[in-house]
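The sequence shown: position 43 = 534 (my numbering), numbered continuously. All C-beta atoms in this analysis are idealised placements derived from N, C-alpha and C, irrespective of residue type, glycine included. Take a look at the structure set out below.
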Amino acid sequence: MQTFKEVEGVVQRGTKRAAALGFPTINIPFKPSEARGVYAARVSVGNAKHIAAAFADPERGVLEAHLLDFPMQELYGKKVVIELYEKIRDSARFDNDEKLRMAIAEDVSRVRDYFKQRTQP
Numbered sequence: 492m493q494t495f496k497e498v499e500g501v502v503q504r505g506t507k508r509a510a511a512l513g514f515p516t517i518n519i520p521f522k523p524s525e526a527r528g529v530y531a532a533r534v535s536v537g538n539a540k541h542i543a544a545a546f547a548d549p550e551r552g553v554l555e556a557h558l559l560d561f562p563m564q565e566l567y568g569k570k571v572v573i574e575l576y577e578k579i580r581d582s583a584r585f586d587n588d589e590k591l592r593m594a595i596a597e598d599v600s601r602v603r604d605y606f607k608q609r610t611q612p
């Protein structure tokens, strides 16, 4: 797998909107770039790597990542590296939180499929 972009940063507090929808994220500062949208990603936390659905939002200056199958723990102040792989979809606005929740659930499913297809013999 080839990394599209790698971003390193310290986890900061976000608005917790995704967490309220059942998808807690880590947030790191992100400068404007060609990366915009939702990506299949890997997040390095210490020596461990976790697959994630990442949302690159250069307008807000944040890269958010929902780590899949990650035990809930606070990572504020910790240094992480987020590797963006394949773009899952473009950024979109949603009419309500339920539509956003459904879109994030679909993003997570597509990220799982992306990594499953690349780890099988």
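{"Item": "Candidates Val-498, Gln-503 and Ala-509: closest to Met-593 by CA position", "Value": "Ala-509"}
{"Item": "Where Asp-548 sits in the DSSP three-state scheme", "Value": "strand"}
{"Item": "Residue environment, Val-567, which counts as buried when at least 16 other CB atoms sit within 10 Å", "Value": "The displayed chain sequence assigns Tyr, not Val, to residue 567. The residue is exposed, with fewer than 16 neighbouring Cβ atoms inside 10 Å."}
{"Item": "Range covered by the beta strand (DSSP E) that runs through Ala-460", "Value": "No statement about residue 460 is possible, as the shown extent of the chain runs from 492 to 612 and does not include it."}
{"Item": "Val-599, DSSP secondary structure in three states", "Value": "helix"}
{"Item": "Proximity winner among Ala-547, Ala-526 and Ser-535, relative to Lys-570 (alpha-carbon distances)", "Value": "Ser-535"}
{"Item": "Neighbour-count burial assignment, Val-501, 16 or more Cβ in a 10 Å radius", "Value": "exposed"}
{"Item": "Identified DSSP bridge partners for Pro-520", "Value": "Val-553"}
{"Item": "Leu-559 versus Pro-549: straight-line alpha-carbon distance, rounded", "Value": "23 Å"}
{"Item": "Residue range of the alpha helix (DSSP H) that includes Ala-532", "Value": "That residue, Ala-532, is in no alpha helix (DSSP H); its beta strand (DSSP E) goes 528-536."}
{"Item": "Classification of Arg-533 by the beta-carbon crowding that lies within 10 angstroms, buried from 16 upward", "Value": "buried"}
{"Item": "Among Glu-565, Gly-528, Pro-520 and Arg-601, nearest to Arg-584 - alpha-carbon criterion", "Value": "Gly-528"}
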